[in-house]
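Residue numbers (our numbering), protein chains in the order written: chain A, 1 to 247; chain B, 1 to 247; chain C, 1 to 189; chain D, 1 to 189.
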Amino acid sequence: MLPTLQIGPLAMPTGPLLLLLGVWLGTWLAEREADRLGLNRDTVSALALLGLIVGLVGARLGYAARYSEAYAADPLSLISNNLATFSLPEGLAAGLLAATLYGRRQGLPLRRTLDALAPLAGVLSGAAALAQLASGDGFGAPAQLPWSLYLWDDYRHPSQLYALLAALGVFGLWWRWGRAGFAGFGFLLMIAGLAATTVFLEAFRGDSLLLTGGWRSAQVGGLIVLAAALVWMRRWAESAQPGQSRT
Amino acid sequence: MLPTLQIGPLAMPTGPLLLLLGVWLGTWLAEREADRLGLNRDTVSALALLGLIVGLVGARLGYAARYSEAYAADPLSLISNNLATFSLPEGLAAGLLAATLYGRRQGLPLRRTLDALAPLAGVLSGAAALAQLASGDGFGAPAQLPWSLYLWDDYRHPSQLYALLAALGVFGLWWRWGRAGFAGFGFLLMIAGLAATTVFLEAFRGDSLLLTGGWRSAQVGGLIVLAAALVWMRRWAESAQPGQSRT
Amino acid sequence: MPVRSLLLDPRRWWPFTAIVLLVGGLWTLGSRVATTDEAPRQANPHEGFPAPDFALENLSGETVALADYRGQVVIVNLWASWCGPCRAEMPALQNVYDDLAADGLVVLGVNSTAQDSEAAARSFVAENALTFPILLDRADDVSQTYRLRSLPSTFIVDRSGLIRAVLIGGPLSEAVLRSKIEDLLADAP
Amino acid sequence: MPVRSLLLDPRRWWPFTAIVLLVGGLWTLGSRVATTDEAPRQANPHEGFPAPDFALENLSGETVALADYRGQVVIVNLWASWCGPCRAEMPALQNVYDDLAADGLVVLGVNSTAQDSEAAARSFVAENALTFPILLDRADDVSQTYRLRSLPSTFIVDRSGLIRAVLIGGPLSEAVLRSKIEDLLADAP
Chain A
1 MLPTLQIGPL AMPTGPLLLL LGVWLGTWLA EREADRLGLN RDTVSALALL
51 GLIVGLVGAR LGYAARYSEA YAADPLSLIS NNLATFSLPE GLAAGLLAAT
101 LYGRRQGLPL RRTLDALAPL AGVLSGAAAL AQLASGDGFG APAQLPWSLY
151 LWDDYRHPSQ LYALLAALGV FGLWWRWGRA GFAGFGFLLM IAGLAATTVF
201 LEAFRGDSLL LTGGWRSAQV GGLIVLAAAL VWMRRWAESA QPGQSRT
Chain B
1 MLPTLQIGPL AMPTGPLLLL LGVWLGTWLA EREADRLGLN RDTVSALALL
51 GLIVGLVGAR LGYAARYSEA YAADPLSLIS NNLATFSLPE GLAAGLLAAT
101 LYGRRQGLPL RRTLDALAPL AGVLSGAAAL AQLASGDGFG APAQLPWSLY
151 LWDDYRHPSQ LYALLAALGV FGLWWRWGRA GFAGFGFLLM IAGLAATTVF
201 LEAFRGDSLL LTGGWRSAQV GGLIVLAAAL VWMRRWAESA QPGQSRT
Chain C
1 MPVRSLLLDP RRWWPFTAIV LLVGGLWTLG SRVATTDEAP RQANPHEGFP
51 APDFALENLS GETVALADYR GQVVIVNLWA SWCGPCRAEM PALQNVYDDL
101 AADGLVVLGV NSTAQDSEAA ARSFVAENAL TFPILLDRAD DVSQTYRLRS
151 LPSTFIVDRS GLIRAVLIGG PLSEAVLRSK IEDLLADAP
Chain D
1 MPVRSLLLDP RRWWPFTAIV LLVGGLWTLG SRVATTDEAP RQANPHEGFP
51 APDFALENLS GETVALADYR GQVVIVNLWA SWCGPCRAEM PALQNVYDDL
101 AADGLVVLGV NSTAQDSEAA ARSFVAENAL TFPILLDRAD DVSQTYRLRS
151 LPSTFIVDRS GLIRAVLIGG PLSEAVLRSK IEDLLADAP
């Protein structure tokens, strides 16, 4: 655990720093992919950054909307560096919407653009695992194993390391096999891989958000995403079949 | 957990019953092996049973010797069905000694006899794991895993199941590869396999006997046995080389 | 990549998808969190664990608790008057108690009253002139906490309250009892 | 079996043996049991865990403990008078306290006295007319228990004593504070 990096007089929160690094590396890879797929690299990276920025704004606005009274009295609080006042669902929705609209306006082909963005998803997933390792979030269930991590007063599954290894593995899979084939395959392979490893690894977490009945929400969500990815994989394969290769 | 089997009015302790079954099955397999190896099956099974019986007597006498004052005042206590008054080291020493002397007198060839007895070792190891599963002994370290066992007020590694699977695996290895090759190979393969899995699996136990420094005694012992088995494997291979096959 | 050839054949792709989702679903089902397991930790009737405490009335109606004897070595013997081996081992328990009470030994004879008659228990105790505390487990509490499976069952608790030996069945001889408590009595109280 | 061919060649067998034993030895080393980890469970300064309790003197010299406020929502704010963001967020804390104390809100301003001067802290409190309890962490105990890494750090504890939000850095605005405590105050005390 290393929640803050002390660089001289500056205390930087390690987690957001690692995520920023992930965005930088992921966008760079997405640009390379865009080149390879014959897309305009600047448009693709603009789309990625626009999605992220609109996502951040949406997450803050979504949070404020839930506590509208407090924020109405003090609207300046919307502009705060506080990391605990973001709401993920609204952020995701806003970011995806903005990226979709921008992509349409710029005439980017959907599937190939998604293929270019696949490495960004993989790298962000790995960066999130590292960020959780630094902050001690996303901790594992208590377990005495020779590779257990002592965290929060117990020996636990090093769930953040599992997640990091999974992200690396899925990224490797994509690198080796996901960059050929019909348009959209690379993206769906990345998504299916990340969803499948989430379903598997969530079982070792000690902080799962639970639904009634003790179901782990991340596993249920992961299964839905996995099912969608597998169904779309077949659909896109079918639609790509006659013309072969990329549409 | 099922520490006692209730058959009508009779309450039988499950653990010893399973061990008895293991002796029966293991001896039957040893007899089959003796046939295959051209040894007298009755001599081999007599040797096995003699070793076990002398081992039991030795274990009881060894225990009594440690509490000689109490037993001297009450020697009839030596003949008791109490399972908690056996001492393993003395029993092992006595059983091995008796079996060795009997084997020598009967002129049994050492290595081939050991080969014939190999399945007995594997079966007993599996039966011991089942017996511990029934009694709740040999329990695992606390760990939350989807396959954890709830035992002694905690979710734990199902260490007894791990041990059972390991015994089955080693037995399978022996069955497939241990029954050909130079004399003594099958026995040493079985011993090396059981020792290696002990070293590996003891790490998941919650009741390890510890040496100073927190070393688990079963792992240290297992390493020594493993080293000895590997060294002897080479030696016996060497001595068997010129004449090929069984000496 | 092998998946790609699967993809081109719907007769193989849909079964593959179904299997993947089935395995994932079973895993998700199996790794649900038991939501009601925040129960307080119980002591367990197993060697190395703290002996579960109990409080029962003795034959004079006074309440006696296991915890009262912390610092002493306690033999907890579960018995019933109709059980042959239980009856047979009582003299050994009495002898050991007579001999070692001064060194810090206590014997608690927990009568499994729920499966015995109190009158029969009392007359057995009187006949055999047992002087160690006899407790009446009328509600079967101790039998359940100690997971009694067969009578007699004897638990030996050390001075710090840990169970150090579990002896199922009997009759126990004096030598067996002494061998199990000798080292424990030698510990500093 | 592949092992058999290894066996016939000592130049391969001895390295194989050495590697097997080395791996086994490392595994044995790695799975040693930490013998001194039977320490009592500590509370942890993380969301979802019980807030570590503390007892400190306030500016009048009375001892105040976090546990005294069980049943109320508590904002534990770690601050120092030389820290700009800490100073900047104090009015927000005071406003929220004025407004919601009646609903069961408590603010504890824990001055990190070990890295501040008591005089400076007192004069800052007087200047800003802070009315919520200001506690002096002279021995740096609370900073250590709460693993203080940067000032200000704010921990929001619910009525049952669980930490529900950890806010590192500042200044916190009134809206942020209110958004974090609104739901907690709505819980039944």
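We put the CB at the ideal spot given by N, CA and C, even for glycine.
For Gly138(A) versus Leu151(A), is the C-beta distance shorter than 8 Å? Taking the first residue of the first sequence as position 1, residue 138(A) is located at position 138. Taking the first residue of the first sequence as position 1, residue 151(A) is located at position 151. Against a cut-off of 8 Å, the Cβ pair of Leu151(A) and Gly138(A) comes out as no contact.
Let me check understanding here. Comparing Cα to Cα, which of Arg12(D), Ser153(D), Leu59(D) lies closest to Val125(D)? Locating residue 125(D) in the fourth sequence gives position 125, where the first residue counts as 1. It is Leu59(D).
Ser31(C): contacting residues in chain A (beta-carbon distance under 8 Å): In the third sequence, residue 31(C) corresponds to position 31, counting from 1. Within chain A, the residues near Ser31(C) are Glu202, Ala203, Arg216, Gln219.
Close beta carbons around Val225(B), own chain, < 6 Å, minus the five adjacent residues each side: Reading the second sequence from its first residue, position 225 is the one you call residue 225(B). These residues qualify, in order along the chain: Ala195.
Continuous alpha helix (DSSP H) stretch holding Phe200(A): start and end: By 1-based counting over the first sequence, the position of residue 200(A) is 200. 185-201 is the span of the alpha helix (DSSP H), which, as asked, contains Phe200(A).
Does the Cβ of Met12(A) have 16 or more other Cβ atoms within 10 Å, making it buried, or fewer, making it exposed? Locating residue 12(A) in the first sequence gives position 12, counting from the first residue. Exposed: under 16 other Cβ atoms inside 10 Å.
Option in Ala188(C), Ile181(C), Ala119(C), Leu172(C) with minimal Cα separation from Gly84(C): For the purposes of this step, residue 84(C) is taken as the residue at position 84 of the third sequence. Ranking Ala188(C), Ile181(C), Ala119(C), Leu172(C) by Cα distance to Gly84(C) puts Leu172(C) first.
Are there 16 or more other CB atoms within 10 angstroms of the CB of Trp24(A), so buried, or fewer, so exposed? Against the first sequence, residue 24(A) aligns to sequence position 24. Under this definition Trp24(A) is an exposed residue.
With Ala165(C) and Glu47(C) assumed to form a contact (beta carbons below 8 Å), what rounded beta-carbon distance in angstroms separates them? Start at 1 with the first residue of the third sequence, and residue 165(C) comes out as number 165. Start at 1 with the first residue of the third sequence, and residue 47(C) comes out as number 47. Confirmed, Cβ separation roughly 7 Å.
Exposed or buried, what is Ala65(B) when buried is set at 16 or more other beta-carbons lying within 10 Å of its beta-carbon? The sequence position of residue 65(B) within the second sequence is 65, counting from 1. By the 10 Å Cβ count, Ala65(B) comes out exposed.
Kindly indicate which residue of Val199(B), Arg234(B), Val231(B), Gly181(B) has the alpha-carbon position closest to the one of Gly24(D). Within the fourth sequence, residue 24(D) is the residue found at index 24, counting from 1. Ranking Val199(B), Arg234(B), Val231(B), Gly181(B) by Cα distance to Gly24(D) puts Val199(B) first.
Answer with yes or no whether the minimum CB distance from Thr16(D) to chain A is below 8 Å. Position 16 of the fourth sequence, counted from the first residue, corresponds to residue 16(D). First, the residue type needs correcting, since residue 16(D) is Phe and not Thr in the sequence shown. Not an interface residue.
Looking only at its own chain, which residues have a Cβ that is under 8 Å from the Cβ of Arg149(C), when we skip the five neighbours before and after it? Taking the third sequence and counting its residues from 1, the one referred to as residue 149(C) is at position 149. Here the set comprises Ile168.
Rounding to the nearest angstrom, what Cα-Cα distance links Ile19(C) and Leu162(C) in this structure? Within the third sequence, residue 19(C) is the residue found at index 19, counting from 1. Within the third sequence, residue 162(C) is the residue found at index 162, counting from 1. Cα to Cα, the separation comes out at about 49 Å.
Contacts that Ala237(A) makes with chain C (C-beta to C-beta distance below 7 Å): Indexing the first sequence from 1 puts residue 237(A) at position 237. Simply Leu7, Leu8.
What are the boundary residues of the alpha helix (DSSP H) that Ser153(C) is part of? Counted from its first residue, the third sequence places residue 153(C) at position 153. Unbroken run through Ser153(C) is the beta strand (DSSP E), 153-157; no alpha helix (DSSP H).
Buried versus exposed call for Arg216(B) [16 or more other C-beta atoms within 10 Å across all chains shown]: Counting from one through the second sequence, the residue named residue 216(B) turns up at place 216. Classification for Arg216(B): buried.
Answer yes or no: the CB of Arg176(B) versus the heavy atoms of the ligand MG, is any distance below 7 Å? By its list of ligands, the structure shown contains no ligand whatsoever, and the ligand MG lies outside what it can speak to.
Check Ala227(A) in the structure and name its three-state DSSP category. Within the first sequence, residue 227(A) is the residue found at index 227, counting from 1. Ala227(A): helix per DSSP, three-state reduction.
Per DSSP, which residues does Val64(C) bridge with? Please list them. If you number the third sequence from 1, residue 64(C) lands on position 64. Partner(s): Leu56(C).
Taking Pro158(B) as the reference, give the member of Gly169(B), Ala167(B), Leu145(B) with the closest Cα. Against the second sequence, residue 158(B) aligns to sequence position 158. Per the Cα distances, Leu145(B).
Report buried or exposed for Asn81(B), applying the criterion of at least 16 other Cβ atoms within 10 angstroms of its Cβ. Against the second sequence, residue 81(B) aligns to sequence position 81. Its Cβ having fewer than 16 others within 10 Å, Asn81(B) is exposed.
Using beta carbons (cut-off 8 Å, strictly below), is Leu22(C) in contact with chain A? The count along the third sequence starts at 1 and reaches residue 22(C) at position 22. Not an interface residue.
Contacting residues, own chain, Cβ-Cβ under 6 Å from Leu117(B) (five flanking each side not counted): Against the second sequence, residue 117(B) aligns to sequence position 117. Excluding residues within five positions, the ones whose Cβ falls inside 6 Å are Ala30.
From Leu110(B) to Leu189(A), what does the alpha carbon distance come to, in whole angstroms? For this step, residue 110(B) is matched to residue 110 along the second sequence. For this step, residue 189(A) is matched to residue 189 along the first sequence. The straight-line gap from Cα to Cα measures roughly 59 Å.
Kindly identify the DSSP beta-bridge partner or partners of Asp154(B). Indexing the second sequence from 1 puts residue 154(B) at position 154. Paired residue(s): Leu151(B).
Pick out whichever of Ser160(C), Arg147(C), Leu177(C), Phe155(C) has its Cα sitting closest to the Cα of Pro3(B). Along the second sequence, read from residue 1 onward, the residue named residue 3(B) stands at position 3. Considering only alpha carbons, the answer is Arg147(C).
Measuring straight from C-alpha to C-alpha, what distance separates Leu19(A) and Ala129(D)? Residue numbering aside, residue 19(A) sits at position 19 when the first sequence is read from its first letter. Residue numbering aside, residue 129(D) sits at position 129 when the fourth sequence is read from its first letter. Cα to Cα, the separation comes out at about 41 Å.
Using only the alpha-carbon positions, how far apart do Leu114(A) and Arg234(A) sit? Position 114 of the first sequence, counted from the start, is the residue given in the question as residue 114(A). Position 234 of the first sequence, counted from the start, is the residue given in the question as residue 234(A). So the alpha carbons of these two residues sit roughly 16 Å apart.
As an exercise, report each continuous beta strand (DSSP E) stretch of at least 3 residues that is fully enclosed by the segment 93-153 of chain B, in chain order. 149-151
When the cut-off is 8 Å and only beta carbons count, does Pro3(B) lie next to chain C? Counting from one through the second sequence, the residue named residue 3(B) turns up at place 3. Answer yes: the Cβ-Cβ gap between Pro3(B) and chain C drops below 8 Å somewhere.
Is it buried or exposed for Thr63(C), if we count other Cβ within 10 angstroms and need 16 for buried? Against the third sequence, residue 63(C) aligns to sequence position 63. Result: exposed.
So, does the CB of Ala166(B) fall closer than 8 Å to a CB anywhere in chain A? Stepping through the second sequence from its first residue, residue 166(B) is reached at position 166. Taking Cβ atoms only, chain A never reaches closer than 8 Å to Ala166(B), which makes this a no.
Beta-carbon within less than 6 Å of Thr85(A)'s beta-carbon, same chain only, minus the 5 sequence neighbours each way: which residues are those? The residue labelled residue 85(A) in the question sits at position 85 within the first sequence. Around Thr85(A): Tyr63.
Nearest by alpha-carbon distance to Ala237(A): which of Leu161(A), Gly206(A), Gln106(A), Phe187(A) is it? By one-based count along the first sequence, residue 237(A) stands at place 237. When each option's Cα is compared against that of Ala237(A), the closest is Phe187(A).
Report buried or exposed for Asp183(D), applying the criterion of at least 16 other Cβ atoms within 10 angstroms of its Cβ. Working through the fourth sequence from its first residue, we reach residue 183(D) at position 183. Counting Cβ neighbours within 10 Å, Asp183(D) comes out exposed, since fewer than 16 surround it.
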